[in-house]
Amino acid sequence: MGVLPVRAPPVLLAAALLAAALLGLPPASLRAEEGLPGGPAAETEALTWFQDPARLWGSGVEAVIEEAYRASFKTLIIGGRVMNLRMPFAENHERAELTDQGWEVLGGGKANPAFLWGAVEGFLSTEDFDRYAAALGDGREKVVIFDIPRRSWSVSTDLFDIARMKAGAYRGLPHRPYVLVSGRGILESDVYNYLYCIGWAGMDCSGFVWYVLSYTAASAGLDLGSSLRRVIGSPRGREVSYYVGTSFFGSSNRELITVRDEIRNLRPLDVILFRGADGSMVHSAIIQSVNLESGVIRYLQSTDEAPLNERGAHESFIRFDPAFPETSLSDPQVMWTQNRYPPFPGEKASPFSNDGERYRAYPELGGGKVVRLRTMQEISGRLRRQAP
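Residue numbers for the sequence shown, in my numbering: 32 to 419.
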């Protein structure tokens with residue numbers, strides 16, 4: 032079948048325009064003085080134009096965070112279709128509760144996107160993936176059965192299996208997801224399923240947050256890993272990112288500042304933490320921008336509890352009333368637009384319908400919170416001073 036790279040920006044024009052609209056930013060591509068051409072080539076030209084994050088976000092810290100985020104996307108031609116793939120979510124031993132065999136994902140969920148995309152292109156160039164793509168395009172409706180520990184897949188065309196999936200009688204297990212496919216060709220979500228179940232490639236939530244932080248620090252001339260190696264507890268000679276988990280951001284480490292989560296206090300690079308039933312912090316995300324005029328916060332995260340085509344690295348939004356910037360993120364009047372869904376259709380749904388419910392959960396244990404890495408305060412200020 033073959034997988035071909037595409038010389039195109041990793042974020043499509045429609046997504047960039049949507050972000051601009053939600054945040055109340057005037058996308059410069061809509062201004063006549065920019066002189067973008069019209070006609071049949073306009074879309075291609077516009078996509079190329081949007082490849083530069085500064086066009087939408089300026090030249091400060093928000094643009095650098097956007098650069099880091101866009102590294103989580105790769106545009107490839109697969110099965111004759113142009114696909115804008117996003118970095119999958121991947122966590123060591125996730126879904127292993129009903130099997131004796133655990134598994135460690137490539138890079139432990141902490142590797143950088145450049146390394147992971149190289150591995151991904153290798154997986155997508157194998158004969159096994161070609162067979163998988165062919166099965167999804169043979170015109171026959173079927174159930175694809177993945178076996179994550181064995182890194183294998185099989186198909187069932189049994190009418191009873193198909194009918195049960197359609198009726199919502201899901202037969203899969205955490206380590207053996209079932210997926211109903213139409214047989215009309217491979218989709219981006221199908222590629223994600225293969226990379227997640229067979230490739231074991233992607234980034235977990237804290238790996239993604241750490242990458243954005245370290246990328247932003249590097250743009251200002253600081254090696255964040257080296258500067259915080261001792262604090263994080265990484266042995267010399269080992270990759271620091273492998274030792275950074277959500278537990279680090281949720282700790283009482285002196286390098287972390289707990290931010291009172293009133294919206295007016297929030298800044299780009301602040302880390303949003305979500306609490307679990309045991310009181311520990313179990314998920315992290317990072318703020319990219321806070322627009323006090325339009326009443327929108329944009330934050331970025333990597334998780335597979337999301338709409339089918341948003342699993343992995345994705346943007347999320349919080350809406351608030353600009354007249355009340357003192358409102359807390361935990362206030363029910365604040366609208367978190369990111370909905371949560373099971374990673375594979377048919378699985379048990381998340382107990383929280385959206386990120387807002389998840390942030391407000393377990394108030395008796397403290398609920399969600401926001402922290403700021405002390406080092407990043409200086410980095411953010413430095414980037415703002417460097418901006419023309």
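Just so it is clear, CB atoms sit at the ideal spot from N, CA and C, and this is done for glycine as well.
Is it true that the region 205–213 meets the region 275–282, where meeting means three or more beta-carbon pairs spaced less than 8 Å apart?
Contact fails: fewer than three Cβ-Cβ distances are below 8 Å.
What residues are listed by DSSP as bridge partners for Leu360?
Locating residue 360 in the sequence shown gives position 329, counting from the first residue. Leu360 pairs with nothing; no bridge assigned.
Chain-order list of residues whose beta-carbon lies under 8 Å from that of Val222 (same chain, five-residue window excluded)
In the sequence shown, residue 222 corresponds to position 191, counting from 1. Excluding sequence neighbours, Val222 sits near Ile109, Met114, Leu116 and Leu155.
Can you tell which of Gly203, Met407, Ile179 and Val321 has the C-alpha that lies nearest to the C-alpha of Ser250?
Within the sequence shown, the letter at position 219 stands for residue 250. Closest by alpha carbon: Met407.
Could you tell me which uninterrupted alpha helix (DSSP H) segments, each at least 4 residues in length, are contained entirely in the region 246–289, listed from first to last along the chain?
Entirely contained in the region 246–289, the alpha helix (DSSP H) runs reaching 4 residues are, in chain order, 255–263 and 277–280.
Do the CB positions of Gly377 and Gly199 come within less than 8 Å of each other?
Working through the sequence shown from its first residue, we reach residue 377 at position 346. Working through the sequence shown from its first residue, we reach residue 199 at position 168. Yes, these two residues count as a Cβ contact at 8 Å.
Helix, strand or coil at Pro134 according to DSSP, with G and I counted as helix
On the sequence shown, position 103 is the one that residue 134 refers to. The amino acid at residue 134 is misidentified as Pro; the sequence shows Trp. Trp134 sits in coil when the DSSP states are folded into three classes, being neither helix nor strand.
Trp367 to Pro84 span [Cα, whole Å]:
In the sequence shown, the residue the question calls residue 367 occupies position 336. In the sequence shown, the residue the question calls residue 84 occupies position 53. Spanning the two alpha carbons is a distance of roughly 24 Å.
Under DSSP, the alpha helix (DSSP H) around Leu167 begins and ends at which residues?
As a working mapping, residue 167 is identified with position 136 in the sequence shown. Residues Glu158 to Leu167.
Going by alpha carbons, who is nearest to Pro119 out of Thr188, Arg342, Ala164 and Arg86?
Within the sequence shown, numbered from 1, the residue matching residue 119 stands at position 88. Distances from the CA of Pro119 to each of Thr188, Arg342, Ala164 and Arg86 were compared; the closest alpha carbon is that of Arg342.
Can you tell me where the beta strand (DSSP E) holding Arg86 begins and where it ends?
Position 55 of the sequence shown, counted from the first residue, corresponds to residue 86. Boundaries around Arg86 are those of the alpha helix (DSSP H), Ala85 to Trp88, since no beta strand (DSSP E) includes it.
Please confirm whether Leu360 and Val321 have their CB atoms less than 8 Å apart.
As a working note, residue 360 is residue 329 in the sequence shown. As a working note, residue 321 is residue 290 in the sequence shown. The answer is no: Cβ separation not under 8 Å.
8 Å Cβ cutoff met for Trp134 and Ala127:
Looking up residue 134 in the sequence shown gives position 103. Looking up residue 127 in the sequence shown gives position 96. Contact: yes.
At which residue ranges does the region 320–398 contain complete alpha helix (DSSP H) runs of 4 or more residues, listed in the order of the chain?
Scanning the region 320–398 for uninterrupted alpha helix (DSSP H) segments of 4 residues or longer gives 386–391, listed from N- to C-terminal end.
So the candidates are Arg86, Gln332 and Tyr201; which of them puts its Cα closest to the Cα of Ala380?
Position 349 of the sequence shown holds residue 380. If we check each option's Cα against that of Ala380, Tyr201 comes out closest.
From the DSSP output, which residues share a beta bridge with Trp184?
The residue labelled residue 184 in the question sits at position 153 within the sequence shown. Under DSSP, Trp184 takes part in a beta bridge, and its partners are Phe177.
Identity of the residue in Arg261, Ser185, Phe305 and Tyr246 nearest Ala164 by Cα
In the sequence shown, residue 164 corresponds to position 133, counting from 1. It is Ser185.
Could you have a look at Leu147 and say whether DSSP puts it in helix, strand or coil?
Position 116 of the sequence shown, counted from the start, is the residue given in the question as residue 147. Correct three-state label for Leu147: helix.
First and last residue of the uninterrupted alpha helix (DSSP H) at Tyr100
On the sequence shown, position 69 is the one that residue 100 refers to. For Tyr100, the enclosing alpha helix (DSSP H) starts and ends at Val92 to Arg101.
Can the beta-carbon of Trp241 be found closer than 8 Å to that of Ser265?
To locate residue 241, count along the sequence shown from 1; it is residue 210. To locate residue 265, count along the sequence shown from 1; it is residue 234. Cβ atoms of Trp241 and Ser265: not closer than 8 Å.
Rounded separation between Lys105 and Arg267 - CA only
The sequence position of residue 105 within the sequence shown is 74, counting from 1. The sequence position of residue 267 within the sequence shown is 236, counting from 1. Lys105 and Arg267: Cα-Cα distance of roughly 32 Å.
Let me confirm a value: Gln364 is counted as buried when at least 16 other C-beta atoms fall within 10 Å, else exposed. Which label applies?
For the purposes of this step, residue 364 is taken as the residue at position 333 of the sequence shown. Classification for Gln364: exposed.
Would you report the Cα separation of Ala142 and Asp189, rounded to the nearest angstrom?
Numbered from its first residue, the sequence shown carries residue 142 at position 111. Numbered from its first residue, the sequence shown carries residue 189 at position 158. Looking at the two C-alpha atoms, the distance is approximately 40 Å.
Quick check: the Cα distance between Arg86 and Asp131, rounded to an integer number of angstroms?
Start at 1 with the first residue of the sequence shown, and residue 86 comes out as number 55. Start at 1 with the first residue of the sequence shown, and residue 131 comes out as number 100. Each residue's alpha carbon lies about 50 Å from the other.
Name, in chain order, the residues that DSSP records as bridge partners for Arg126.
Start at 1 with the first residue of the sequence shown, and residue 126 comes out as number 95. BP columns for Arg126 are empty, so no partner.
Cβ neighbours of Leu396 in the same chain (closer than 7 Å, five flanking residues each side left out)
As a first step, residue 396 is located in the sequence shown; it is residue number 365 there, counting from the start. Non-local beta-carbon contacts of Leu396 in its own chain, meaning distances under 7 Å to residues more than five positions away in sequence, involve Arg306 and Gly310 in chain order.
What's the call for Ser315, buried or exposed, on a 16-neighbour Cβ count within 10 Å?
Along the sequence shown, one-based indexing puts residue 315 at 284. So Ser315 ends up on the buried side.
DSSP-derived helix/strand/coil call for Tyr223:
Mapped onto the sequence shown, residue 223 falls at position 192. In the three-state DSSP reduction, Tyr223 falls in the helix class (H, G or I).
Using the three-state DSSP reduction, which class does Arg207 fall into: helix, strand or coil?
For this step, residue 207 is matched to residue 176 along the sequence shown. Looking at Arg207 - three-state DSSP - the assignment turns out to be strand.
Can we count Leu226 as close to the ligand COA, meaning its CB is less than 7 Å from some heavy atom?
No copy of the ligand COA appears in this structure; indeed no ligand is present at all.
What do you get for Leu129, buried or exposed, if any count of 16 or more other CB atoms within 10 angstroms of its CB means buried?
What you label residue 129 is simply residue 98 of the sequence shown in a count that begins at 1. By the neighbour-count rule (16 or more Cβ atoms within 10 Å), Leu129 is not buried but exposed.
For Arg112, tell me which candidate among Ser220, Ala392, Asp362 and Ala94 has the shortest Cα-Cα distance.
Working through the sequence shown from its first residue, we reach residue 112 at position 81. Per the Cα distances, Ser220.
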